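Counting the sequence shown from 1 gives a position; my numbering is that position plus 56.
Backbone N, C-alpha and C define an ideal beta-carbon position, used for all residues, glycine too.
This structure is a prediction, so every number in the text was calculated from the model and none was measured.
For reference, the structure discussed in these notes is given below.
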Amino acid sequence: LEYDTTPNEVDGYTTAAGEKIKAKKCTWFTELPPLLIFQLRRVDFDRNTQQLRKIMLAFQFPDVLYMDRYLAKNAHTTMQKRKTVRCHKQQRKQIEDEYTKFTHFDGDPMPLNRILSKTISFLDKQLDSSSSVCRPSVLPMLPQGHAPSALADSILKFHQDVDKQMQALSNQISHYTSLIEDIYNDQLEEEYSVHSVLVHSGTHATSGHYWAFIPCESCGYSEEPATESSDMDLDEPGTDQSPRGP
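If you want it as structure tokens, here you go:
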């Protein structure tokens, strides 16, 4: 819906007078029907096999959909909100990149605060240990003039600073996420709830079986008796043996 309501350039558009001009098109709802049906294209053409192929990627959808943002009367407001959302997402991405530097130390999935925590724990064990075997093995590794206790204190302070920076970045990410998620909270009048979902079971585009998930008792109709299911069934990929699928 967002793609359809976003102005897209029309290639080679020609006016009635035969003049080629730059043109854009988009679609908005002027009014909404009592019942909305969305049909997804879950099949594409595989150029390698020259056959139709079923798209097995999961498709997420909300239980409640508000259509206010897709109405023509709200077009200007919606476009402004989308611009704001893009800005928020760019700012959040920059912060997430900074946060990743802490969670993936030197490019590896090793959180820096965890590395420091393990280092402090190791030094503490050396200080508390009375073993004559492990203590000498550590001391030669320490920088000159740094006792284990002093080094542990320095690392602890650095660890605390890292935790503060990570928490601050995490709070900023949550802040921008909330701004993005709440930006349409003033457009919640045209509410639609999911009534049923029709899914295809099977891995092939030209064969399989269709199942309807309906939130009511004794509403199923199929070649087989209706069975009870849960929301989890819709989240699992469909197979030839399973009544689930995207």
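*Give the single residue among K149, P90, M112, Q116 whose Cα lies nearest to the Cα of D100.*
M112
_For N64, three-class secondary structure by DSSP_ = strand
*Helix, strand or coil at K78 [DSSP, three-state]*: coil
_Spatial neighbours of R125 within its chain, please: C-beta separation below 6 Å, excluding the five flanking residues on both sides._
Cβ within range, chain order: T134, Y240, Q243.
_Helix, strand or coil at L172 [DSSP, three-state]_ = helix
*asked:* Shorter than 7 Å, the distance from the beta carbon of K220 to the closest heavy atom of the ligand MG, or not?
replied: As for the ligand MG, it is missing from this structure, which has no ligand bound.
*How many whole angstroms separate the CB atoms of H98 and H256, which I take to be in contact at a CB cut-off of 8 Å?*
Residue identity check: residue 98 is Arg in the sequence provided, not His. Yes, they are in contact, since the Cβ atoms of R98 and H256 sit about 7 Å apart, within 8 Å.
*What span of residues does the beta strand (DSSP E) with D102 cover, start to end?*
For D102, the enclosing beta strand (DSSP E) starts and ends at 99–102.
*So, E152 versus I93, is the Cβ gap smaller than 8 Å?*
No.
_For V141, report the span of its alpha helix (DSSP H) as first-last._
From DSSP, the alpha helix (DSSP H) with V141 extends over 131–159.
*Under a Cβ-count criterion, where at least 16 other Cβ atoms within 10 Å of its own Cβ denotes burial, should Y266 be classed as buried or exposed?*
When all chains shown are included, Y266 counts as exposed.
_Cβ distance (whole Å) where I236 is taken to contact K145 below 8 Å_ = Sure, about 7 Å apart at Cβ, within 8 Å.
*Contacts around L168, its chain only, beta-carbon distance under 6 Å, and the 5 residues preceding and following it disregarded*: F158, F161, V218
*Could you have a look at T233 and say whether DSSP puts it in helix, strand or coil?*
helix
*Could you name the residues of the same chain whose beta carbon sits closer than 7 Å to that of H231, not counting the 5 residues immediately before and after it, in chain order?*
For H231, where only same-chain residues beyond five positions count, there are no Cβ hits under 7 Å.
*Segment limits, beta strand (DSSP E) that includes Y266*: 265–269
*Kindly indicate which residue of T86, N227, S177, K80 has the alpha-carbon position closest to the one of Y59.*
K80
*asked:* Considering Cα atoms alone, identify which of V66, E65, K110 is closest to T262.
replied: K110
*Could you please give me the residues that DSSP links to H256 through a beta bridge?*
Y266
*Look up F94 in the DSSP assignment and say whether it is helix, strand or coil.*
coil
*Determine, using beta carbons only, whether V250 comes closer than 8 Å to chain C.*
Although the question refers to chain C, the structure presented lacks it and comprises just one protein chain.
*What is the DSSP secondary structure of Y126, reduced to helix, strand or coil?*
helix
*Would you call T83 buried or exposed, if buried means 16 or more other Cβ atoms sit within 10 Å of its Cβ?*
exposed
*Roughly how many whole angstroms lie between the Cα atoms of P321 and S249?*
Coverage of the chain is limited to positions 57 through 302, which leaves residue 321 absent and any answer about it impossible.
*Residues in its own chain within less than 7 Å of Q131 by CB, not counting five upstream and five downstream?*
The residue you asked about is not Gln; residue 131 is Ala in the sequence shown. Cβ within range, chain order: W84.
*Determine the burial state of T62: buried for a count of at least 16 other Cβ atoms within 10 Å of its Cβ, exposed for fewer.*
So T62 ends up on the exposed side.
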